[in-house]
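In this note's numbering, the protein residues as written are 7 to 162. No residue lacks a Cβ here, since even glycine has one placed at the ideal position from N, Cα and C. To start, the structure under review is shown below, and the notes come after it.
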């Protein structure tokens, strides 16, 4: 075993780990941009202006950068596994935030002064429908974690 090139104290390890994690997230964002917006995205962040053959060249340059980050962390003995959370928890947290956001939207007064109350009621129905869809997605996540059971609304 070769000695560490230079020892890092706990603060330096944390700083290096957090910085490399941030760099990895930025690389992940680049990959998502290269993949284009998700199918049916209501608010795409980007539009594709890079030809596919050029996107391939960019994609191919990302793994060596990641490999180098991992190599540096490993060579310095910096752990990289302590921050990962279960995917199901991340999905549930996002679904909870979506539900809260929709609930806040529901509390807003809809319509302009003098407009029929039905306008506001219609918007509340739309929001309730969205909340039901989010709840159903949460049920699918729960069912997906139960590997023995069927996924509600899933294809058989």
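Sequence-distant residues of its chain with Cβ nearer than 8 Å to residue i (five each side left out)
i	result
residue 141	105
residue 33	68, 71 and 72
Own chain residues within Cβ distance below 6 Å of residue i, not counting five before or after
i	result
residue 81	none
residue 111	133
residue 86	79
residue 130	112
Closer than 7 Å: residue i CB and nearest the ligand SAH heavy atom
i	result
residue 144	Of the ligands one can find in the structure shown there are none, so the ligand SAH has no counterpart to examine.
Secondary structure of residue i, DSSP reduced to three states
i	result
residue 135	helix
residue 127	helix
residue 97	helix
residue 80	helix
residue 90	coil
residue 152	coil
residue 115	coil
residue 122	coil
residue 14	coil
residue 85	coil
Rounded separation between residue i and residue j - CA only
i	j	result
residue 146	residue 152	10 Å
residue 162	residue 143	Caution applies to residue 162, whose pLDDT of 48 falls short of 50 and renders its modelled position unreliable; the model cannot decide the point.
residue 138	residue 115	21 Å
residue 6	residue 17	Any question about residue 6 goes unanswered here, given that the chain covers just 7 to 162.
residue 19	residue 91	20 Å
residue 95	residue 149	14 Å
residue 124	residue 136	18 Å
Same chain, Cβ closer than 7 Å to residue i, five either side skipped, listed in chain order
i	result
residue 46	none
Test: residue i CB closer than 8 Å to a CB of chain B
i	result
residue 76	Note that chain B does not occur in the displayed structure, where there is just one protein chain.
Quiz prompt | Entirely enclosed alpha helix (DSSP H) segments - the segment 16 to 57, minimum 4 residues | solution = Listed in chain order, the complete alpha helix (DSSP H) runs (minimum 4 residues) inside the segment 16 to 57 are 16 to 41.
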